[in-house]
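Quick note, our numbering runs 1 ahead of the 1-based positions in the sequence shown. All residues carry an ideal CB built from backbone N, CA and C; glycine is no exception. Since the structure is predicted, the reported quantities are computational estimates derived from the model, not experimental observations.
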Amino acid sequence: MNNLFSPLPANLAEEQFDALLSTPGVRIERIVSLGHTSPADGWYDQDEDEWVLLLTGSGTLEFAEGRRQTLAPGDYLYIPAHQKHRVCHTHQTQPTVWLAVFFPPQSRQSDLSITPITAEDDAAICRIIQQVGAEFGAVGEGFGPGDDEVRCMSRHYCLEQNSRYFVARLNGEIVGGAGLAPLEGMPGVCELKKLFLLPAARGQGLGRQLAEACLAFAAGQGFASCYLDTLGNMTAAIRLYEQLGFCHLKAPLAGSVHGGCDVWMLKDLAASTDTDPV
């Protein structure tokens, strides 16, 4: 038996996010704030719809169009995907507890699927990786889209090599993918690799589904931790990785080969498994 109010931390250096439930269709989080606010220069711009209920304390949300909404216990809001918002006030001495429910945008439900890559998918995935890489400046040596494997991903990601690459289809068309493979020279560590989505496919929860498919494969293969590197301008992706439990590193791990990246993150898979709610 679990309880939303137990335990509540007495002191919080940072806002606390606790995953209560995560499935392909819905994600529920408990968020605990104690005087915390969003960065003054940052907005939440999430791919999912959100329904948020304030349970204790008080909090004020600010929206990019200038509107502010103060919530007291029992108040709730529906925030559509990509409605930019941030927290501009929470109670200074009493914990503010939020219950947030995230789900795919209801106005944009489509036929989505995640499947392991086949040789027939290689050309499409190669184009997507290179196109999206160019969009964010990840071009040439030192970036994932420049790796030799991009030209034939299905040959490099297979069970025999303890790796897997998944492709995302939207209404039958390949729109992106993500992979998981061992990090060279680091036993027990895998790497989340080449998570790229075409612009038209973003905002529908596909990135999360791809990442979760990779992490589920990693857990099944017995990896202890999962590493990734990315670019600081991929802000939506970084936010997703943070929500999935990845923590920022000050430098890349020794097995990393992408010298052009400037953001490095690591997730403890054992801890994640131990703390998942039943």
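Given a length threshold of 3 residues, each whole run of the beta strand (DSSP E) inside the region 39 to 111 is given here in chain order: 50 to 57, 60 to 64, 69 to 72, 77 to 80, 86 to 91 and 97 to 104. Our two residues, residue 135 and residue 251, have alpha carbons roughly 25 Å apart in a direct line. Taking 8 Å as the cut-off, the beta carbon of residue 269 is found closer than this to the beta carbon of residue 226. The residue from 200, 173, 204 and 168 with its alpha-carbon nearest to that of residue 194 is 168. Non-local C-beta neighbours of residue 185 in its own chain, meaning closer than 6 Å and more than five positions away in sequence, comprise 256, ordered along the chain.
Separation of the CB atoms of residue 115 and residue 214 is rounded to 5 Å, and the pair is thereby assigned contact status at 8 Å.
By the Cβ rule, the region 119 to 132 does not count as touching the region 36 to 44, because fewer than three pairs are nearer than 8 Å. The beta-carbon distance between residue 260 and residue 211, rounded to whole angstroms, is 25 Å. This is too long to meet the 8 Å contact definition.
Collapsing the DSSP output to three states places residue 248 in a strand. Under the 8 Å Cβ criterion, the region 83 to 103 does not count as touching the region 122 to 134, having fewer than three qualifying pairs. Taking a contact to require three or more Cβ pairs closer than 8 Å, the region 24 to 32 and the region 75 to 87 do not qualify as touching. For residue 17, no alpha helix (DSSP H) segment is defined; the enclosing uninterrupted segment is the beta strand (DSSP E) at 17 to 23. The C-beta of residue 10 has fewer than 16 other C-beta atoms within 10 Å across all chains shown, which makes the residue exposed. Residue 171 and residue 125 do not touch by the CB rule: their CB atoms are close to 12 Å apart, not below 8 Å. In the DSSP assignment, residue 266 falls within the unbroken beta strand (DSSP E) covering 264 to 269. The C-beta of residue 165 has 16 or more other C-beta atoms within 10 Å across all chains shown, which makes the residue buried.
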